[in-house]
Amino acid sequence: MPRKGPAPKRQILPDPRFNSKVLARFINKVMLRGKKSTAEHITYGALDIVAEKTGRDPMEIFSQALSNAMP
């Protein structure tokens, strides 16, 4: 353990488009090699396609997909 003590926990800021912390965590999981803008582009593009095809709120569908994937 370093002499300075434990590193402080960083607060996850909500994503700028939907203002959701859950979606921000999902974008961070999609991100590879620090390319956050690419991960945002992929995630928001997928949510746009889903909203276009279903005509429903993309965050509602995203939360339903997350609950379906939970154990």
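Reading the sequence shown from the start, the letters are residues 0 to 70 in numbering that gives the first Met the number 0. Glycine is no exception: its CB is placed at the ideal position from the N, C-alpha and C atoms.
In or out: D56 buried (at least 16 other Cβ within 10 Å) or exposed?
Under this definition D56 is an exposed residue.
By a C-beta neighbour count over all protein chains shown, 10 Å radius and 16 as the cutoff for buried, is L22 buried or exposed?
The residue in question, L22, is buried, as its Cβ has 16 or more Cβ neighbours within 10 Å.
By the three-class DSSP mapping on this structure, what secondary structure does F122 have?
Summary: the structure shown does not reach residue 122, with the chain confined to residues 0 through 70, and so no result is reported for it.
Just reading off the alpha helix (DSSP H) that L46 is part of, what are its end residues?
Per DSSP, L46 belongs to the alpha helix (DSSP H) from K35 to T53.
How far does the alpha helix (DSSP H) with P57 in it reach, from first residue to last?
Start and end: P57 to A68.
Please work out which residues of its chain come closer than 7 Å, Cβ to Cβ, to E39, disregarding the five sequence neighbours upstream and downstream, and give them in chain order.
So the qualifying residues of the chain are I26.
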